[in-house]
Amino acid sequence: METYQEFDGIVLSIRKHREKDALVKIFTREHGKRMFFVKNIKNPNHSLKAALLPFTKATYLGRIKDDGLSFLQDSREIIHFSKMQTDIHLNAYATYLNNLADAAINDAIKAADLFDLLEESLVAMQNGMDAEIVVNIFEMRVLKYFGAAPQLQECVICHSKQEPFDFSVKYSGALCQKHYGEDPRRSHASPAAVHFARIFQLVTPKQVGNIKIKPATKQALRAFIDELYEEYVGIRLKSKSFIDQMFAWETKVEIPFRSVAEPEPNKPSESGQSDSSSS
Ligand SMILES: [Zn+2]
Numbered sequence: 313m314e315t316y317q318e319f320d321g322i323v324l325s326i327r328k329h330r331e332k333d334a335l336v337k338i339f340t341r342e343h344g345k346r347m348f349f350v351k352n353i354k355n356p357n358h359s360l361k362a363a364l365l366p367f368t369k370a371t372y373l374g375r376i377k378d379d380g381l382s383f384l385q386d387s388r389e390i391i392h393f394s395k396m397q398t399d400i401h402l403n404a405y406a407t408y409l410n411n412l413a414d415a416a417i418n419d420a421i422k423a424a425d426l427f428d429l430l431e432e433s434l435v436a437m438q439n440g441m442d443a444e445i446v447v448n449i450f451e452m453r454v455l456k457y458f459g460a461a462p463q464l465q466e467c468v469i470c471h472s473k474q475e476p477f478d479f480s481v482k483y484s485g486a487l488c489q490k491h492y493g494e495d496p497r498r499s500h501a502s503p504a505a506v507h508f509a510r511i512f513q514l515v516t517p518k519q520v521g522n523i524k525i526k527p528a529t530k531q532a533l534r535a536f537i538d539e540l541y542e543e544y545v546g547i548r549l550k551s552k553s554f555i556d557q558m559f560a561w562e563t564k565v566e567i568p569f570r571s572v573a574e575p576e577p578n579k580p581s582e583s584g585q586s587d588s589s590s591s
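Okay, here's the thing in structure tokens:
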């Protein structure tokens, strides 16, 4: 007898497998990340098609296998985070969050609170919350899954909670103004950036709501979290590099987007070269 189980899941990635099949990585709330084999996904009448789009959450019925690939049978309560599919920025941010969640835990490790954080972050972005702030909160909270726990809540020397704070890699935590001298190589981080990073360690996107942060502070916060990631995480995700590039060129020039419907200008065909190299 096959035993099927019901579980909640968020689609992390979809990879074509052979001609018609797919390997879909789903972060399940109950069983951690699992790879599912989906047969004939290209079939337009495939019953699971809607449940296996990128940026989708659903309740799935399937067979979880501890050795090898798992299988899906059915789905219900499908939620599409549709803005991630139409907005290039949200797409980039949500892809990064998926990749971070993917990198933070090994397969088959149950991590319901990380699942809940990812779901809440995607919902917040879908509902129009500032995506940069959602990303920053997610980054600060996911640090512990990478084994990093910088102490930002109080000065590591005197335990004072009195801001302003700077950050010390040497002590792996915050230094109050009185103890800046303890680490000559302290980060010289923006006190406002450390302030928000402290808060973001403790809250979820829902709890923060529609907080407004000045562009300059956001930039400083971005730089500070990048420093923490360089120090403690040390992975370089392609989706993060893409976001950095997106920022770099958007702050330089206003590039007009060409709509998808607009025809490509005629390009000289390159196909004439084929087969001419053999001699
Ligand atoms: Zn101190």
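According to my numbering, numbering within the sequence shown proceeds without interruption in unit steps and concludes at 591. Just so it is clear, CB atoms sit at the ideal spot from N, CA and C, and this is done for glycine as well. Every value quoted in this text rests on a predicted model; they were computed, and no experiment measured them.
Who are the near neighbours of residue i in its chain, counting only those whose CB is closer than 6 Å to its CB and skipping five residues on each side?
| i | result |
| --- | --- |
| A363 | A370, S387 and I390 |
| V454 | L412 and A416 |
| F393 | F367, L434 and Q438 |
| K518 | E432 |
| K351 | D333 |
| F326 | Looking at the sequence itself, residue 326 is Ile, so the reference to Phe does not match. The answer, listed in chain order, is A334 and V336. |
State the DSSP-derived secondary structure class of residue i, mapped to helix, strand or coil.
| i | result |
| --- | --- |
| N448 | helix |
| K369 | strand |
| F339 | strand |
| R510 | helix |
| D495 | coil |
| D320 | strand |
| A406 | helix |
| D378 | coil |
| F458 | helix |
| S590 | Unreliable positioning characterises S590 in this predicted model, as indicated by a pLDDT of 38, which lies under 50. The coordinate reading is nonetheless provided below. Coil, per DSSP. |
| H329 | strand |
| H304 | Limits of the chain in this structure are 313 at one end and 591 at the other, which puts residue 304 out of reach. |
| E539 | helix |
| V515 | coil |
| F393 | coil |
| E475 | coil |
| V435 | helix |
| A560 | helix |
Pop quiz: residue i and residue j are said to be a contact at Cβ under 8 Å. What is the actual Cβ separation, rounded to whole angstroms?
| i | j | result |
| --- | --- | --- |
| L402 | K395 | 5 Å |
| L549 | L324 | In fact, because the Cβ distance is near 13 Å, the residues do not count as touching under 8 Å. |
| F348 | I322 | Rounded, the Cβ-Cβ distance is 13 Å, inconsistent with contact. |
| A460 | Y372 | Wrong, their Cβ atoms sit about 32 Å apart, outside the cutoff. |
| I353 | K332 | 7 Å |
| K345 | D419 | 5 Å |
| H329 | L335 | 5 Å |
| A509 | I537 | 7 Å |
Ligand 2 and residue i: does any heavy atom of the ligand fall closer than 6 Å to the residue's C-beta?
| i | result |
| --- | --- |
| H491 | This structure simply doesn't include ligand 2; it includes ligand 1 instead. |
Using a Cβ-Cβ cut-off of 7 Å (strictly less than) and excluding sequence neighbours within five positions of residue i, which residues of its own chain qualify?
| i | result |
| --- | --- |
| Y492 | D478 and R498 |
| A443 | H401, L402, Y405 and M437 |
| H358 | N352 |
Next on the checklist: Under 8 Å: do the segment 484 to 498 and the segment 398 to 416 share three or more Cβ pairs, one atom per stretch?
Outcome noted: no
Checklist entry - Is there contact between the segment 459 to 474 and the segment 506 to 518, where contact requires at least three CB pairs shorter than 8 Å? => result yes
Next on the checklist: Does the contact criterion of 3 or more C-beta pairs under 8 Å hold for the segment 499 to 507 versus the segment 522 to 534?
Outcome noted: yes
Item to check | Validate contact between the segment 418 to 431 and the segment 331 to 346 using beta carbons, cut 8 Å, 3 pairs | outcome: yes
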